[in-house]
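Take a look at the structure below.
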Amino acid sequence: MIGKLMKLLGFNRGSPTAIDPICLMEVDKSNPSGGTSTYQEVTYYFCAPGCKRVFDQEPERYVDQIPPTKP
Ligand SMILES: [Zn+2]
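Each residue of the sequence shown is one higher than the last, beginning at 1 in the working numbering.
So, in structure tokens, the structure goes:
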């Protein structure tokens, strides 16, 4: 799990894929099937519209799952 998290943390540094914060699937940044949402100046990518809808309702609940930094 730690290894996977480390991989996730690199997702916004030039990687062609991002991690859907809802289901933790890899999503192609150039063609996100579920669209994108921006929260606190960070863009999140979704595998499906349903994931985006869930995120948009309570973004603060999900961004904590994949924070690059956390106090
Ligand atoms: Zn998803």
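We put the beta carbon where it would ideally sit given N, CA and C, even for glycine. Being a predicted model, the structure only gives us computed values, none of them experimental.
| Query | Result |
| --- | --- |
| Here's the rule I'm using: 16 or more other beta-carbon atoms within 10 Å means buried, otherwise exposed. How should P32 be labelled? | buried |
| F46 and V27 - do their beta-carbons sit closer together than 8 Å? | yes |
| Please tell me whether, using a cut-off of 7 Å, the distance from the CB of A48 to the nearest non-hydrogen atom of ligand 1 is below it. | yes |
| In angstroms, rounded to a whole number, what distance separates the CA positions of Q40 and E60? | 9 Å |
| Just checking G35 against ligand 1 - is the residue's beta carbon closer than 7 Å to any of the ligand's heavy atoms? | no |
| Going by DSSP, what residue range makes up the alpha helix (DSSP H) through D56? | 49-57 |
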